[in-house]
Amino acid sequence: MSAALLRALEPEAEPGNEACAAISARATARIRRRRRLRLAGYAAASAGLLTIAGAVAVVGGSEPGDDQAGAGADTPAAQASQPGTGVIYAEELLSGAASRIRVSDSAPDRQAAVACRETTEPDSAAPCRALWVGDLPLLAVDPDETLMTLHATDHLVRVDIRWTVRNVGYRPLLLDRGDLMVGLVTDPDRVTEATTVADETYRGVSLWADDRERLALNLDRSSLERLEPGSAMRGWATFTAEAPAADAAADPLWDLAAGATGGTLTVQVGIPHSRQADPLTADVIAEASLTVDEFAHAIAADHLMASFRPRERGEAAGAGRQAALLCDVPKGMRSSTFENYNIPYQARQVACDPGWVDGLLLADTGTSELRAGTPADTLVWDVTNVSGQTVQLSRLQVLIEPDPDGLRARGDGLTLLGTAVVTPSSAWLPNGRRTAWLTNVFYDYPLLAGATIGGRDRLFPGMLSSDTIVDTDEIVGSLADGGRATAIAAVPFLDDPSRVLLLETPLDPLITPALTASPSP
16 MSAALLRALE PEAEPGNEAC AAISARATAR IRRRRRLRLA GYAAASAGLL TIAGAVAVVG
76 GSEPGDDQAG AGADTPAAQA SQPGTGVIYA EELLSGAASR IRVSDSAPDR QAAVACRETT
136 EPDSAAPCRA LWVGDLPLLA VDPDETLMTL HATDHLVRVD IRWTVRNVGY RPLLLDRGDL
196 MVGLVTDPDR VTEATTVADE TYRGVSLWAD DRERLALNLD RSSLERLEPG SAMRGWATFT
256 AEAPAADAAA DPLWDLAAGA TGGTLTVQVG IPHSRQADPL TADVIAEASL TVDEFAHAIA
316 ADHLMASFRP RERGEAAGAG RQAALLCDVP KGMRSSTFEN YNIPYQARQV ACDPGWVDGL
376 LLADTGTSEL RAGTPADTLV WDVTNVSGQT VQLSRLQVLI EPDPDGLRAR GDGLTLLGTA
436 VVTPSSAWLP NGRRTAWLTN VFYDYPLLAG ATIGGRDRLF PGMLSSDTIV DTDEIVGSLA
496 DGGRATAIAA VPFLDDPSRV LLLETPLDPL ITPALTASPS P
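Counting along the sequence shown from 1, when you hit position 318 you're at 333 in our numbering, and nothing is skipped either side.
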């Protein structure tokens, strides 16, 4: 069985070694505790399915005396783990496992995995026995739905990976995110000594600890997710590295950023045991890898600031430049640079420095439209990335100004009309600065070259979205009488949450039947 197989693959213990008995006892207690944690989430559902579970067990041909109580649809139960049917569990994979060797192995048409005997700490991976399991591959990284973006400055490299692994087999899988680790390595066939893990990510030369063992996380926690054939699990991993000191070796990320080396992405995720498994059976972690041919080099605010220069009110946009606002973020609203969903929600208007940056980045598609509706009209707009590169965005909004080239009237300010930012007059201040609406909610969105993004802003009456009463008819009517709608796209700095750069894209006059219809006779 699986326990015997793993024991055969491992070095034999010395006879009479009392430490072996102690290790075995600790392992038994740990594994039983881990499985109790894994099954705790199913307890409530299982209580209401006792009768059904028994019927299913009979139909499935369970032997008399099997423990059939509490078997839910995803509960690791014996009848769901019969070879060739139902959900695949770890003991089934181990029963037919084969040893996996570092460089002398030609990859068979099977699933790469590791088998771990001991738990690890969250900040350090440990060597586990490398195996081939299953009759066919079970998990694969989906290259069409995995996006890798790279940001590089003279002092920082940041790689963001939005990964997708897909069940490519013909049976359901129950995966354990508790053992999730995402690795980015530069020489996948070498042996490494580095074991440091940060936020479930590993970067280095390789994951091989020696010719027969690979590094993995095997944590004493569980978070189960069922994957049907063809369905996918998704996640996001971030890797950062500062510039090396003069006498220090460079982080592998710098070689990737410079194009001096390629990379390999590896996603590791656990596969749990059924309740009937031998408690001494090793834990199984599946591996899915993808060769990184290239990264999408993304533009962040750091890159644009080199060409930032002041902009005057009423100054017309020239060819090859983008209007922008450089804003200081209030201290209470600073957080992760790229993505954050802070609660409680905060929003306020701030005064920003208007300017230009070289190169047109976002352009209006010319399809903006005000659609009549109930209980409020909807402003539909889109902009396209025309820069030729990926642009890193963290927030989108639209600003409506009845007097876009004038000055803000006394007492006026920015507020929300539904999800649109509006003002009764202008966002320009007498001191030459320009007001903008900032919030502590932002997200990570790399806009690929040629891609289009936009908004569907419903213009609810003021009191439904802010504490300021807004004359909806006046704001909407201004769009047909010299007013302007402007798309605002926030571009973050790589490692500076105290500032943000807002790109402004004026939208063409709206296509609005209500505003362009001929007057009735």
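In this text, a Cβ means the ideal position worked out from N, Cα and C, and glycines have one as well.
(Q) Rounded to whole angstroms, what is the Cα-Cα separation between Asp379 and Thr467? (A) 9 Å
(Q) Using the Cβ count rule (16 or more neighbours within 10 Å means buried), how would you classify Gly403? (A) exposed
Q | Cα-Cα separation between Pro137 and Val129, rounded to whole angstroms | A | 17 Å
Q.
Helix, strand or coil for Leu109? Go by DSSP, reduced to three states.
A. helix
Q: Using DSSP bridges, identify the partner residues of Thr520.
A: Note: Thr520 sits in a beta bridge opposite Ala502.
Q: Drop a sphere of 10 angstroms on the beta-carbon of Ala40, count the other beta-carbons inside from all chains shown, and report buried for 16 or more, exposed for fewer.
A: Confidence is the limiting factor: at Ala40 the pLDDT is only 47, short of 50, which leaves the residue's position unreliable, though a coordinate-based value still follows. Classification of Ala40: exposed, given that the 10 Å Cβ count is below 16.
Q | Minimum C-alpha distance to Leu340 - residue among Ala504, Pro152, Tyr458 | A | Ala504
Q | Three-state secondary structure (DSSP) of Glu309 | A | coil
Q: Please determine, among Thr454, Ser289, Pro123, Thr279, the residue with the shortest C-alpha to C-alpha distance to Gly347.
A: Thr454
Q: Return the first residue and the last residue of the alpha helix (DSSP H) that Thr487 is part of.
A: 487-493
Q) When we look at the beta-carbon of Ile46 and count the other beta-carbons within 10 Å, is it buried (16 or more) or exposed? A) For Ile46, the pLDDT reaches just 45, beneath the cut-off of 50, and the residue's location in the model is therefore unreliable, although a value from the coordinates is still provided. Per the 10 Å Cβ criterion, buried.
Q. In chain order, what residues of the same chain lie with their CB nearer than 6 Å to the CB of Ser238, ignoring the 5 residues before and after it?
A. Arg192, Gly193
Q: Leaving out five residues on either side along the sequence, give the residues of the same chain with a beta carbon under 6 Å from the beta carbon of Tyr185.
A: Pro244
Q: Would you mind working out which of Arg328, Pro259, Ala105 sits nearest Arg449, comparing C-alpha positions?
A: Arg328
Q.
With H, G and I counted as helix, E and B as strand and the rest as coil, what does DSSP make of Gly374?
A. coil
Q.
Tell me which residues share the same chain as Val344 and place their Cβ nearer than 7 Å to its Cβ, disregarding the 5 neighbours each side in the sequence.
A. Leu453, Pro512, Ser513, Arg514, Val515
Q: Alpha carbon to alpha carbon, how far is Thr161 from Arg173? Give it in angstroms, no decimals.
A: 17 Å
Q) Given a threshold of 16 other Cβ atoms within 10 Å of its Cβ, counted over all protein chains shown, does Gln361 qualify as buried or as exposed? A) exposed
(Q) Cutting at 7 Å between CB atoms, please list the residues of its own chain near Pro524, excluding the five before and the five after it. (A) none
Q | 8 Å Cβ cutoff met for Asp214 and Val180 | A | no
**Q.** Alpha-carbon to alpha-carbon, Ile286 and Cys131
**A.** 12 Å
Q: Flag this pair as yes or no: are the beta carbons of Leu171 and Asp510 separated by less than 8 Å?
A: yes
Q: Would you give the residue range spanned by the beta strand (DSSP E) that Pro142 belongs to?
A: 141-148
Q. CA-CA distance, Ser383 and Leu394?
A. 7 Å
**Q.** Through-space distance from Phe323 to Glu519, alpha-carbon basis
**A.** When rounded, the separation of the alpha-carbon atoms in Glu519 and Phe323 is 14 Å.
Q. From Leu494 to Trp396, what does the alpha carbon distance come to, in whole angstroms?
A. 14 Å
Q. Taking buried to mean at least 16 other C-beta atoms within 10 Å of its own C-beta, is Ser289 buried or exposed?
A. buried
Q.
Using only the alpha-carbon positions, how far apart do Gln412 and Leu517 sit?
A. Distance between the alpha carbons of Gln412 and Leu517 is about 10 Å.
Q) Between Asp298 and Glu309, what straight-line distance do the alpha-carbon atoms span, to the nearest angstrom? A) Between Asp298 and Glu309, the alpha-carbon positions lie close to 34 Å from each other.
Q. What residue from Leu522, Pro521, Ile415 has the CA that sits closest to Thr487's CA?
A. Ranked by how close their Cα comes to the Cα of Thr487, the residues Leu522, Pro521, Ile415 have Ile415 in first place.
Q: Assuming Thr405 contacts His312 (C-beta within less than 8 Å), just tell me the rounded distance between them.
A: The C-beta distance from Thr405 to His312 rounds to 7 Å, short enough to meet the 8 Å contact threshold.
Q | Between the CA atoms of Gly274 and Ala500 - distance to the nearest angstrom | A | 41 Å
Q. How many whole angstroms separate the CB atoms of Arg349 and Ala338, which I take to be in contact at a CB cut-off of 8 Å?
A. That belief does not hold up - the Cβ atoms of Arg349 and Ala338 are roughly 25 Å apart, past 8 Å.
Q.
Under 8 Å: do the segment 264-282 and the segment 187-206 share three or more Cβ pairs, one atom per stretch?
A. The segment 264-282, when compared against the segment 187-206, does touch it at the 8 Å Cβ threshold.
Q: Quick one: measure Cβ to Cβ for Pro123 and Ala316, integer angstroms, because I've assumed they're closer than 8 Å.
A: No, Pro123 and Ala316 are not in contact; Cβ-Cβ is about 48 Å, not under 8 Å.
Q. Rounded to whole angstroms, how far is the Cβ of Ala140 from the Cβ of Glu133, which I believe are closer than 8 Å?
A. Ala140 to Glu133, Cβ: 12 Å. No contact.
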